[in-house]
Structure formats: C-alpha cells, structure tokens
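Trainee: Numbering (the numbering used here), first residue to last: -9 to 246. All C-beta atoms in this analysis are idealised placements derived from N, C-alpha and C, irrespective of residue type, glycine included. Encoded as structure tokens, here's the structure I'll be asking about.
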Ligand SMILES: [Zn+2]
C-alpha cells in the first residue's frame, strides 16, 4: 500500500514537472506582469516602470509625452524603416537608439494616412515607405556634431537654424510594393547630389541619367502627398513638409 502511495506521489510530481516545462514561454512570462500590476499601491514606483513599458525607450516616451502619434497606430499599412535608427545612413551611425516607430504631429499623421489612401486608390499594390519623421532637437544636435567640419556639414541643418523635422511636421519617404520592396526613384534616400533634386528632373531625363519610369515613380509619390496637403521641396525627392515653415513654427513647438 505504502509503495503504491509513494509511486503515486512521484508520478504526480513528474506530471506537474512536464506540464510546467512544456508551457508556452509567453504564458510563463505573463504571471510576472499580473503579479506586479495586481499590487494595488507599489511602495517603489520605479520598480514598476520597466514592466509597464518594456519596449519604449526614453526618447520614444518623450515623443509620446509631447503629444506626437505613431503613424502606424493610425494607418498600419504605412511602412516604416527609420534610417537614422541604424548605421545604414550617410552618418554611418545610429542616432535614434532602439526607436523603430515613426512619430508625427497628430494633424500631420492624419494627412499622411490620407496620402496613403490616395496612393492606394490609384495604385493598390504600392505603399508609402517612411524613412524619417519627427527628429528631436537633441538628435539634430548629435547629427550636427557628427558632420561638423566634414563635407557632409552642408546636408544637416544646424540645431540653431532647425529643421521642420524637429517640429514633427516633415516626413521623408519613398514608395514600396505592399510586400516592402522599394520602388526605384533614380537615387537612394539621402543621396546628396543634383540627381536627387526634383528641380533638375527634366534635365536628367534628357541626358538619360534618369528614366521616365523613375520620374513617374517620383510623380506618383508627389501626387499622393500633395493631394493630402503636403508641400514638396526642390532639393530632395523624399522630403515633404505639412505646411509652410512659418506656419509650422506658429502651430507647433520643436520637440527637444
Ligand atoms: Zn527630410
């Protein structure tokens, strides 16, 4: 009798052990969240912070506190690859840390969602593909420090002059297929040369340095953006402002 009882107990332990070791890792993590959030008034609030927003960096938290919105929360079909959040940019450095989402002023994010709808109404297989949105002044300052005294200094607005990106009212973007394959615009993003400048497109078409197809692709992007109220600029095919510079400075504060 007692031998059977012992075997029963050992079998129970074994079965409990198997059940917990085969559990989904996510279900193992959940009790940790539940335990912390179920404490009615934690004695030390700093202990709770990492759990409440485990994937939100300080920079991203500041953007949210400044009232900016994640454009993909508004329009999930817009594709985002923040070029300054990796070393794959003309600086060769990541100046955004672990931030991966693009933030804009709510009104500007609405305009971008409208541009995506306008694009997809005409070209259902295409999507906006965002390279950069708000760029806080602290990041602008880092970029300025990296390029100061180099040939690239001319391509970065000084923190004093400021960029409309600092206000969350400008966006850098191209087009991609809905599967995420970038569309050929004749140059990559942040190509610093005349070939990237819309004002010279006709000249480069005549010389054969840009094809009609590449110019048509830029026109598809411009048509969608302009229909939503954005303004293009003459020096970069990828950059669009939501309003005039004066209007942006009147409406918004620069994000620090
Ligand atoms: Zn830009």
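1. From the DSSP output, read off the bridge partner residues of residue 167.
2. Nearest CA to the CA of residue 104: which residue from 89, 217 and 205?
3. Measure from the alpha carbon of residue 124 to the alpha carbon of each residue in 187, 177, 178 and 73, then state which is nearest.
4. From the DSSP output, in three-state form, read off residue 47 for me.
5. Should the segment 145 to 158 be regarded as contacting the segment 166 to 174, the criterion being three or more beta carbon pairs within less than 8 Å?
6. With a CB to CB cut of under 7 Å and the five nearest residues on each side skipped, what residues in its chain are close to residue 199?
7. If you run the structure through DSSP and keep just helix, strand and coil, what is residue 28?
8. Hey, residue 120 and residue 92 are a contact pair by Cβ (cut 8 Å); roughly how many whole angstroms apart?
9. Taking the beta strand (DSSP E) that residue 231 falls in, what are its first and last residues?
10. Once the 5 residues before and after residue 83 are set aside, which same chain residues still bring their CB inside 8 Å of it?
11. Would you decide whether residue 207 is buried or exposed? Buried here means 16 or more other CB atoms lie within 10 Å of its CB.
12. Please return the same chain residues whose Cβ sits closer than 8 Å to the Cβ of residue 140, not counting the five positions on each side in sequence.
13. Excluding sequence positions up to five away, which residues of its chain have a Cβ less than 6 Å from the Cβ of residue 229?
14. Smallest Cα separation from residue 79: which of 133, 66, 237 and 213?
15. Grab me the residues of residue 225's own chain with a C-beta within less than 6 Å of its C-beta, minus the 5 sequence neighbours each way, in chain order.
16. What is the chain-ordered set of residues for which the beta carbon lies under 5 Å from any non-hydrogen atom of ligand 1?
17. Between residue 101 and residue 179, how many whole angstroms is the CB-CB distance? I'm expecting something under 8 Å.
18. Compare the C-alpha of residue 64 against each of 51, 106, 194 and 196 and name the closest.
Mentor: The short version:
1. According to DSSP, residue 167 bridges with 116.
2. Checking every option, the nearest Cα to that of residue 104 belongs to 217.
3. When only C-alpha atoms are compared, the closest one is 73.
4. Of the three classes helix, strand and coil, the one that applies to residue 47 here is coil, per DSSP.
5. No, because fewer than three Cβ pairs between the segment 145 to 158 and the segment 166 to 174 fall closer than 8 Å, the two stretches do not touch.
6. Closer than 7 Å at Cβ, skipping near neighbours: 185.
7. Residue placement at residue 28 cannot be trusted, given a pLDDT of 36 that sits under 50; what the coordinates show is reported in the next sentence. In the structure shown, residue 28 sits in coil (DSSP, three-state: anything other than H, G, I, E or B).
8. The Cβ separation is near 5 Å, so the contact holds.
9. Counting along the chain, the beta strand (DSSP E) containing residue 231 begins and ends at 229 to 231.
10. Residues of the same chain with a CB within less than 8 Å of the CB of residue 83, apart from the 5 flanking positions on each side, are 77 and 136 in chain order.
11. Residue environment: residue 207 is assigned as buried (16 or more neighbouring CB atoms within 10 Å of its CB, all protein chains considered).
12. A distance below 8 Å between beta-carbons, with the five flanking residues on each side excluded, links residue 140 to no residue of its chain.
13. Cβ within range, chain order: 162 and 223.
14. When only C-alpha atoms are compared, the closest one is 133.
15. 187.
16. Every residue passing the under-5 Å Cβ criterion appears here: 162 and 229.
17. The Cβ separation is near 20 Å, so there is no contact.
18. Ranking 51, 106, 194 and 196 by Cα distance to residue 64 puts 106 first.
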